[in-house]
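Asks: For the record, in the sequence shown the residue sitting at position 223 is 1147 according to this note's numbering, with numbers rising by one throughout. Think of the CB as a built atom: it goes at the ideal place given N, C-alpha and C, for glycine as much as any other residue. Have a look at this one before I ask anything.
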Amino acid sequence: MPRPLIAGNWKMNGLKGTVAEFARMMEGYDRTMKARVDLLICPPATLLATLPVVALGSRIAIGAQDCHAKASGAHTGDISAEMIADTGATAVIVGHSERRADHGETDATVRAKAEAARRAGLIAIVCVGETEAERRAGLELDVVRTQLAGSIPDNATGAELVVAYEPVWAIGTGLIPTMDDIAVMHATIRAELVARFGAEGESMRLLYGGSVKPDNAVAILGVPNVDGALVGGASLQAATFLDIARAYC
Ligand code: 13P
925 MPRPLIAGNW KMNGLKGTVA EFARMMEGYD RTMKARVDLL ICPPATLLAT LPVVALGSRI
985 AIGAQDCHAK ASGAHTGDIS AEMIADTGAT AVIVGHSERR ADHGETDATV RAKAEAARRA
1045 GLIAIVCVGE TEAERRAGLE LDVVRTQLAG SIPDNATGAE LVVAYEPVWA IGTGLIPTMD
1105 DIAVMHATIR AELVARFGAE GESMRLLYGG SVKPDNAVAI LGVPNVDGAL VGGASLQAAT
1165 FLDIARAYC
């Protein structure tokens, strides 16, 4: 089984003062946890220049929440994967459902961003997941298969690519799929990745995201083919984020 990863997506939250909360995460990431689980925090871009420096020596990795596909150029307001790597960050989330919905990102956009991440030496966390209407129509497996096929670059490897399954209806709602539904989806994702990438597909980490909290983490993280979590709201506080990671200890 791949080494587990608990990733925090801070979304549009966090000011300079939030660095103190991050410092509490560093303090709480003890030797037992370090032996069992990787931690990653993805702050807003405004903190990307700060957190990788604060995190030095802590073994908590820092990532961005998005990148542009190009390395540089006339793209006002965007940041490139190379710029992210330049801060000391080592990962980037691409294709989060909020970006797909708010910014019209297609599978092709997401794939170009994942390719940019590889070009810059960053781990890409590629997000997929169905809407409530798609699940009600029984289309969730087809939707996710299509997103995987379109969003993941050829020749992806387990060292540089992570998949996050985040059902849109479970994000920020307190709702989660049944453990059986998560198991079916993650087995399907694994099968797709193995069919396309062979042994590399076996080693890719598959995260579940959507209302992961300390009280459901043990159950969710115990589902086969769940190699960690992508945590939104509960990653903003050191105590809850570390409690989720402690499910592995
Ligand atoms: P919540 O954990 O707040 O539901 O957010 C999940 C998410 O979107 C992480 O990327």
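Compute the Euclidean distance between the alpha carbons of E1056 and Y1172, then round it to the nearest angstrom.
Replies: Taking the first residue of the sequence shown as 1, we reach residue 1056 at position 132. Taking the first residue of the sequence shown as 1, we reach residue 1172 at position 248. Their backbone Cα atoms lie some 30 Å apart in a straight line.
Asks: Let me check one thing: in DSSP terms, what residues is A985 bridge-paired to?
Replies: Numbered from its first residue, the sequence shown carries residue 985 at position 61. DSSP output for A985 lists L964 as bridge partner(s).
Asks: Can you name, in chain order, every residue of its own chain whose Cβ lies under 6 Å from the Cβ of T1081, other than the five neighbours on each side?
Replies: Indexing the sequence shown from 1 puts residue 1081 at position 157. Once the five neighbours on either side are set aside, the close Cβ partners of T1081 are E1124.
Asks: I believe A931 touches V1136 by the beta-carbon criterion, under 8 Å. Please report the beta-carbon distance rounded to the nearest angstrom.
Replies: Taking the sequence shown and counting its residues from 1, one reaches residue 931 at position 7. Taking the sequence shown and counting its residues from 1, one reaches residue 1136 at position 212. About 10 Å separates the two Cβ atoms, so there is no contact after all.
Asks: Since A1048 sits in a beta bridge, which residues does DSSP pair it with?
Replies: Position 124 of the sequence shown holds residue 1048. A1048 pairs with V1016, L1085.
Asks: Grab me the residues of A1036's own chain with a C-beta within less than 8 Å of its C-beta, minus the 5 sequence neighbours each way, in chain order.
Replies: The sequence position of residue 1036 within the sequence shown is 112, counting from 1. Contacts found: A993.
Asks: Could you have a look at S1004 and say whether DSSP puts it in helix, strand or coil?
Replies: The residue labelled residue 1004 in the question sits at position 80 within the sequence shown. Note: S1004 maps to strand in three-state DSSP.
Asks: Return helix, strand or coil for Y953, following the three-state DSSP convention.
Replies: If you number the sequence shown from 1, residue 953 lands on position 29. The answer is coil: DSSP assigns Y953 none of H, G, I, E or B.
Asks: Are the C-beta of A1015 and some C-beta of chain B separated by less than 7 Å?
Replies: Among the protein chains of the structure shown there is no chain B, as only one such chain exists.
Asks: What residue does the alpha helix (DSSP H) around A1158 start on, and which one ends it?
Replies: Taking the first residue of the sequence shown as position 1, residue 1158 is located at position 234. Careful: A1158 lies outside any alpha helix (DSSP H) and carries neither H nor E.
Asks: Kindly examine ligand 1 and report whether one of its heavy atoms sits closer than 6 Å to the Cβ of N1140.
Replies: Working through the sequence shown from its first residue, we reach residue 1140 at position 216. Flag unset: Cβ of N1140 not near ligand 1.
Asks: Determine the DSSP secondary structure at I1095, reduced to helix, strand or coil.
Replies: Reading the sequence shown from its first residue, position 171 is the one you call residue 1095. Coil.
Asks: Using 8 Å for Cβ pairs, my map puts V977 next to F946. What's the rounded Cβ distance?
Replies: The count along the sequence shown starts at 1 and reaches residue 977 at position 53. The count along the sequence shown starts at 1 and reaches residue 946 at position 22. Not a contact, Cβ separation roughly 11 Å.
Asks: Could you give the distance in angstroms between the alpha-carbon of V961 and the alpha-carbon of E1058?
Replies: As a position in the sequence shown, residue 961 is number 37, starting the count at 1. As a position in the sequence shown, residue 1058 is number 134, starting the count at 1. Cα to Cα, the separation comes out at about 33 Å.
Asks: Go through the segment 1117-1144 residue by residue and report every complete run of the beta strand (DSSP E) that reaches 3 residues or more, in order.
Replies: Correct list: 1129-1133.
Asks: Name the residue from M1128, V1150, F1121, P968 whose alpha carbon lies nearest to the alpha carbon of D1104.
Replies: Indexing the sequence shown from 1 puts residue 1104 at position 180. Comparing Cα positions, the closest option is V1150.
Asks: Look at the alpha carbon of P1148 and the alpha carbon of R1114, and state the distance between them as a whole number of angstroms.
Replies: Counted from its first residue, the sequence shown places residue 1148 at position 224. Counted from its first residue, the sequence shown places residue 1114 at position 190. So the two alpha carbons sit approximately 10 Å from each other.
Asks: For M1109, tell me which candidate among V1068, L1085, D1078 has the shortest Cα-Cα distance.
Replies: Within the sequence shown, the letter at position 185 stands for residue 1109. Looking at the Cα atoms, V1068 is the closest of the given residues.
Asks: Kindly indicate which residue of A988, M957, H1020, A944 has the alpha-carbon position closest to the one of V1090.
Replies: As a first step, residue 1090 must be located in the sequence shown, where it is residue number 166. Correcting the residue type first, residue 1090 is Glu in the shown sequence and not Val. With distances taken between Cα atoms, E1090 lies closest to H1020.
Asks: Output needed for A1162: all residues of its chain with C-beta closer than 7 Å, excluding positions within five of it in sequence on either side, in chain order.
Replies: Taking the first residue of the sequence shown as position 1, residue 1162 is located at position 238. Hits under 7 Å: E945, R948, M949, G952.
Asks: Taking the alpha-carbon positions, what's the E1022 to R1120 distance?
Replies: Along the sequence shown, read from residue 1 onward, the residue named residue 1022 stands at position 98. Along the sequence shown, read from residue 1 onward, the residue named residue 1120 stands at position 196. Distance between the alpha carbons of E1022 and R1120: 27 Å.
Asks: Can you grab the Cα-Cα spacing for the pair A985 / R1042, in whole Å?
Replies: Looking up residue 985 in the sequence shown gives position 61. Looking up residue 1042 in the sequence shown gives position 118. Each residue's Cα considered, the two are about 17 Å apart.
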